[in-house]
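To start, the structure itself, in structure tokens.
Numbering (this note's numbering), first residue to last: 168 to 360.
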């Protein structure tokens with residue numbers, strides 16, 4: 168038997184595809200918009216997102232970043248004349264280990280938040296010279312935690328990484344006028360309640 172080239176069957180193949188595609192369209196429910204995209208196939212188990220703790224919705228990195236930025240923005244209208252000195256983010260597995268200069272006459276305010284999948288609290292450690300204070304940071308809070316640091320020698324911010332969790336840590340370091348310092352004057356030395 169001699170094989171025939173494919174191009175001889177192209178009109179029949181095209182007609183079959185056209186006929187079958189017409190059947191597929193009539194089986195799809197009408198939405199009123201014939202140009203709307205067809206439904207996406209179900210995701211494989213590996214691609215499924217895991218729900219954020221207590222929320223019933225999936226934890227998703229872009230959404231987490233937006234929630235964390237809103238938590239940092241919660242204090243923008245507090246009446247202080249804050250000026251941004253630094254900001255950044257880190258993956259939860261990497262943690263944060265940064266040393267900041269604290270020159271000048273204005274106080275520094277560190278706003279820090281985290282949004283994670285499965286980790287409810289992180290430990291923040293502030294260090295300057297021999298003074299050191301550790302604080303628990305609640306992840307997913309609607310407002311960032313704030314820490315006051317007076318001007319002077321450099322200070323270190325450390326959040327230990329969590330290798331078994333997924334998430335991110337965001338921070339902003341602002342300078343504020345002495346009169347705008349609210350609460351403890353020096354969260355590195357600590358204040359008695």
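Just so it is clear, CB atoms sit at the ideal spot from N, CA and C, and this is done for glycine as well.
Considering only the alpha carbon of each residue, which of 354, 281, 237, 338 lies closest to residue 252? Numbered from its first residue, the chain shown carries residue 252 at position 85. Considering only alpha carbons, the answer is 338.
Can you tell me where the alpha helix (DSSP H) with residue 259 in it begins and where it stops? On the chain shown, residue 259 is found 92 positions in, with the first residue counted as 1. First-last for residue 259: undefined, no H or E at that position.
Could you name the residues of the same chain whose beta carbon sits closer than 7 Å to that of residue 239, not counting the 5 residues immediately before and after it, in chain order? As a working note, residue 239 is residue 72 in the chain shown. If we look at residue 239 and ignore the five residues flanking it on each side, its Cβ neighbours are 278, 280, 311, 337, 339.
Confirm the yes/no value for this check: CB of residue 325, any heavy atom of the ligand ZN, distance under 8 Å. This structure does not include the ligand ZN; it has no bound ligands of any sort.
In DSSP terms, what residue 254 is bridged to: Residue mapping note: residue 254 aligns to position 87 of the chain shown, counting from 1. Answer is 339, bridged to residue 254.
Can you tell me whether DSSP reads residue 236 as helix, strand or coil? Looking up residue 236 in the chain shown gives position 69. Per DSSP, reduced to three states, the secondary structure at residue 236 is helical.
So is residue 307 buried or exposed if we call it buried at 16+ other beta carbons inside 10 Å? Position 140 of the chain shown, counting from 1, holds the residue named residue 307. That one is buried.
Who are the Cβ neighbours of residue 328 in its own chain at under 6 Å, not counting the five residues just before and after it? Here residue 328 corresponds to residue number 161 of the chain shown, with the count starting at 1. Cβ neighbours of residue 328 beyond the five flanking positions: 260, 261, 262.
Per DSSP, residue 351 is paired with what? As a position in the chain shown, residue 351 is number 184, starting the count at 1. Per DSSP, residue 351 has no beta bridge partner at all.
Residue of 243, 237, 231, 257 minimising C-alpha distance to residue 330: The count along the chain shown starts at 1 and reaches residue 330 at position 163. The candidate whose alpha carbon is nearest that of residue 330 is 257.
Entirely enclosed beta strand (DSSP E) segments - the segment 260–340, minimum 3 residues: 263–269, 274–284, 288–295, 298–305, 312–316, 319–326
Assign residue 359 to one of three DSSP states: helix, strand, or coil. Along the chain shown, one-based indexing puts residue 359 at 192. Note: residue 359 maps to coil in three-state DSSP.
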